[in-house]
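According to our numbering, the sequence shown is numbered sequentially starting from 8. Scroll down for the structure; my scribbles are underneath it.
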Amino acid sequence: MTAKAIPAKARAVIIGGGVSGCSVAYHLAKLGWTDIVLLERKQLTSGTTWHAAGLIGQLRGSQNMTRLAKYSADLYVKLEAETEVGTGMRQVGSIT
């Protein structure tokens, strides 16, 4: 999208196309929002997100964080089926 194609108004404007920005855009769209603009200066996930190891340990220090980690792992598997785009997700297990 070029600068000329950016709409003058939107219901939601998300700044940053990393994992957080993409997640917010995805979840708003799943809730039925259609007027969403995601702004990224380069390619999606090409900044700090690209450098992350991508490990999703599912046992965390609190019940809420454990639920969030499980939701994230399940979402990555679901995204491949939903979008037909490979996420690179591999479930290999772990020992802690």
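Here a beta-carbon is modelled for each residue, glycine too, at the ideal position from N, C-alpha and C. Quantities reported herein were computed from a predicted structural model and do not represent experimental measurements.
Could you tell me which residues DSSP pairs with residue i in its beta bridges?
i, result
"valine 20", "Val44"
Output yes or no for whether 9 Å exceeds the beta carbon distance between residue i and residue j.
i, j, result
"alanine 80", "glutamine 65", "yes"
"alanine 12", "isoleucine 21", "no"
"threonine 56", "glycine 100", "no"
"alanine 15", "aspartate 42", "no"
"tyrosine 83", "threonine 94", "yes"
Find the nearest neighbour of residue i within the set the options, judged by alpha-carbon distance.
i, options, result
"valine 44", "Val84, Gly93, Ala76 and Gly28", "Gly28"
"arginine 97", "Gln70, Glu91, Gly61 and Thr73", "Gly61"
"lysine 49", "Lys77, Ile102, Gly23 and His58", "Gly23"
"alanine 76", "Ser30, Ser69 and Ile63", "Ile63"
Assuming residue i contacts residue j (C-beta within less than 8 Å), just tell me the rounded distance between them.
i, j, result
"alanine 19", "leucine 35", "6 Å"
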